[in-house]
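Chemist: This is the structure I want to talk about, given as structure tokens.
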Amino acid sequence: MPIRVLGSTGERVSAIGLGGSHIGKDNLTRRQAVRIIRSALDRGLNFMDNSWDYNEGESEIRLGRALEDGYRDKAFVMTKVDGRTKHEASRQIHQSLKRLGVHHIDLLQHHEIIRYDDADRIFAEGGAMEAFEEARKAGKIRYIGFTGHKDPHIHLYMLNKAKENNFRFDTVQMPLNVLDAHFRSFQMHVLPVLLKEKIGVLGMKSMGSGVLLKSKVVTPIQCLHYALNLPTSVVITGIDSMKILEQAFKAASTFSPMTKKEVSALLAKTAKAAKTGEFELFKTSSHFDSTAQNPKWLGKDSARVRAGRRVIPKIHVCVTILAERIAEVRPGFTLTSGENLVGRSCKWGDVPRVG
202 MPIRVLGSTG ERVSAIGLGG SHIGKDNLTR RQAVRIIRSA LDRGLNFMDN
252 SWDYNEGESE IRLGRALEDG YRDKAFVMTK VDGRTKHEAS RQIHQSLKRL
302 GVHHIDLLQH HEIIRYDDAD RIFAEGGAME AFEEARKAGK IRYIGFTGHK
352 DPHIHLYMLN KAKENNFRFD TVQMPLNVLD AHFRSFQMHV LPVLLKEKIG
402 VLGMKSMGSG VLLKSKVVTP IQCLHYALNL PTSVVITGID SMKILEQAFK
452 AASTFSPMTK KEVSALLAKT AKAAKTGEFE LFKTSSHFDS TAQNPKWLGK
502 DSARVRAGRR VIPKIHVCVT ILAERIAEVR PGFTLTSGEN LVGRSCKWGD
552 VPRVG
């Protein structure tokens, strides 16, 4: 297993990482999952990916079991939390530490940065970054990063928000695959920034949970080789069987830097399939957006946002009533939305007569 350096941290990590989502699926027993993880660690695959929300915590529990009996010393443990507020992030960090059965997490990442306001909430007063900083000072975590799969410009916004707050991430995780280069490309837009700032690059979605393979233009080994050929610190791949673990080691052992001609040929082969993003569903659908499906994981909205939600319906009502007043003097004038709100929050006298 090739070893690479994680950004500017100096940490030596395996070029391929074991994905945490697949290891917690129902098709595996805990005993089987522990066997896969320990086999990977014994053979030099030391980067362990996970998340507080994977399989309702089962993924972290299984990794925790695998790290017993001295295996913690062989692993570089990464997990993620969803909380955008200090309170919720702190709660999730505490729970992750307990499930994993460790005194500290090597790398903790903000999970699923897929909305612009994720960055705003994290860096706001009382935001999740305060919980991360406190955890690091207390020795509970060592490094801090973030992940996301939706849009490279959201990643860039998160990086800029960090700069505004005099903060530098140790790692960034993002999709890097043979189709990404053609469509909403993290490789083209985000990767150069990370390299310039010497931030550790964690590639994911090399096969998009198998969806990329349905394009029938690439093989699993080609997918892994392409991702490994990029200047990544780690390429994280889902592993849910000993067979798939062997596939990962085969990709690592047979990898050699690709020539420009080889890269161009592979990208030309994948261009048509990548054009609309139909095989990168994590970008073009909500299927992979676990925090959108479970917004409670993010924590409560700020007082400012909650106040805004109370004001907006009243504005809609008043606009609707105003439109009806206009219609009194200008026959034919209509407003196509909001009619059902009339009278709920405003009285007729609240809107001046028109005309």
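Heads up, the sequence shown is in the working numbering, so the first residue is 202 and it goes up one at a time.
Quick reminder that beta carbons are idealized off the backbone N, C-alpha and C, glycines included.
Put I315 into one of helix, strand or coil per three-state DSSP.
Modeler: In this structure, I315 counts as coil in the three-state DSSP scheme.
Chemist: Between the C-alpha atoms of S407 and K470, what's the straight-line distance to the nearest angstrom?
Modeler: If you take the alpha carbons of S407 and K470, they lie about 16 angstroms apart.
Chemist: When the distance is taken between beta carbons, is F370 closer than 8 angstroms to I400?
Modeler: Yes, the pair counts as a contact, with Cβ atoms nearer than the cut-off.
Chemist: So does the region 277-284 actually touch the region 303-314, counting three or more Cβ pairs closer than 8 angstroms?
Modeler: The region 277-284 is in contact with the region 303-314.
Chemist: So the candidates are A363, R205, I217; which of them puts its Cα closest to the Cα of L446?
Modeler: Answer by Cα proximity: I217.
Chemist: Once the 5 residues before and after T348 are set aside, which same chain residues still bring their CB inside 8 angstroms of it?
Modeler: Contacts found: K281, Q310, H311, H312, E313, I314, V373, Q374, M375, L403, M405.
Chemist: By alpha-carbon positions, which one of K476, S252, A234, I440 ends up nearest to S196?
Modeler: Nothing about residue 196 can be reported from this structure: the residues present for the chain run from 202 to 556 only.
Chemist: Quick one: grab the DSSP three-state call for D321.
Modeler: D321: helix per DSSP, three-state reduction.
Chemist: Using a Cβ distance threshold of 8 angstroms, determine whether the region 317-327 contacts the region 358-367, with at least three qualifying pairs required.
Modeler: Touching, per the Cβ criterion.
Chemist: Just to confirm the assignment, what range does the beta strand (DSSP E) spanning P376 have?
Modeler: It spans 372-376 - the beta strand (DSSP E) in which P376 sits, taken as one unbroken run.
Chemist: Quick check: is any heavy atom of the ligand HEM less than 7 angstroms from the C-beta of L395?
Modeler: Here there are no bound small molecules, and the ligand HEM is not part of this structure.
Chemist: So which of F368, G302, S491 has the shortest CA-CA distance to G265?
Modeler: The option with the nearest alpha carbon to G265 is G302.
Chemist: Take P432 as the anchor and find which of V394, M202, T455, I422 has the nearest alpha-carbon.
Modeler: Comparing Cα positions, the closest option is V394.
Chemist: Rounded to whole angstroms, what's the CA-CA distance from E261 to I238? Just pull it up for me.
Modeler: Taking the straight line from one Cα to the other gives about 12 angstroms.
Chemist: CA-CA distance, W549 and L499?
Modeler: For W549, the predicted structure reports a pLDDT of 46, less than 50, and the residue's modelled location is therefore unreliable. A value from the coordinates is still provided. Each residue's alpha carbon lies about 40 angstroms from the other.
Chemist: Which one or two residues does DSSP pair with F387 in a beta bridge?
Modeler: Bridge partners of F387: none, in fact.
Chemist: Would you identify the three-state DSSP class for R285, choosing helix, strand or coil?
Modeler: Three-state DSSP puts R285 in coil, outside helix and strand.
Chemist: Within 10 angstroms of its Cβ, does R545 collect 16 or more other Cβ (buried), or is it exposed?
Modeler: Annotation note: pLDDT 42 at R545 (below 50); position unreliable, coordinate value reported separately. Burial call: exposed.
Chemist: Kindly indicate the opening and closing residues of the beta strand (DSSP E) around I400.
Modeler: No beta strand (DSSP E) contains I400, which DSSP labels as neither H nor E.
Chemist: When you compare only the Cα positions, how much space is there between H354 and N247?
Modeler: Taking the straight line from one Cα to the other gives about 31 angstroms.
Chemist: Using the DSSP secondary-structure output, state which residues sit across from T348 in a beta bridge.
Modeler: For T348, which the question treats as bridged, DSSP gives the partners Q374.
Chemist: State whether the region 288-297 contacts the region 327-347, with contact taken as three or more CB pairs (one from each stretch) at a distance under 8 angstroms.
Modeler: Yes, since at least three Cβ pairs between the region 288-297 and the region 327-347 fall closer than 8 angstroms, the two stretches touch.
Chemist: If you follow the alpha helix (DSSP H) that I237 is in, where does it begin and where does it stop?
Modeler: Residues 231-243.
Chemist: Can you give the Cα-Cα distance for R236 and G221, rounded to whole angstroms?
Modeler: Roughly 14 angstroms separates the two Cα atoms.
Chemist: What separation, rounded to the nearest whole angstrom, lies between the Cα atoms of D274 and E257?
Modeler: D274 and E257: Cα-Cα distance of roughly 26 angstroms.
Chemist: Return the chain-ordered list of same chain residues with a C-beta closer than 6 angstroms to the C-beta of H390, the five sequence neighbours on each side being excluded.
Modeler: Cβ neighbours of H390 beyond the five flanking positions: P353.
Chemist: For A493, which residues of its own chain have a beta-carbon under 6 angstroms away from its beta-carbon, when the five flanking residues on both sides are left out?
Modeler: Once the five neighbours on either side are set aside, the close Cβ partners of A493 are S487.
Chemist: Would you identify the three-state DSSP class for F248, choosing helix, strand or coil?
Modeler: If DSSP states are grouped into helix, strand and coil, F248 belongs with the strands.
Chemist: So, are the CB atoms of L429 and F387 less than 8 angstroms apart?
Modeler: It is not a contact, given that the beta carbons lie outside the stated cut-off.
Chemist: Would H304 and G439 be called neighbours here (beta carbons separated by less than 8 angstroms)?
Modeler: Their beta carbons are not under 8 angstroms apart, which means H304 does not touch G439 by this criterion.
Chemist: How would you call A466, buried or exposed, if buried means at least 16 neighbouring beta carbons within 10 angstroms?
Modeler: A466 is exposed by the Cβ-count criterion.
Chemist: Could you check where the beta strand (DSSP E) with G218 kicks off and where it finishes?
Modeler: Run containing G218: 217-220, per the beta strand (DSSP E) assignment.
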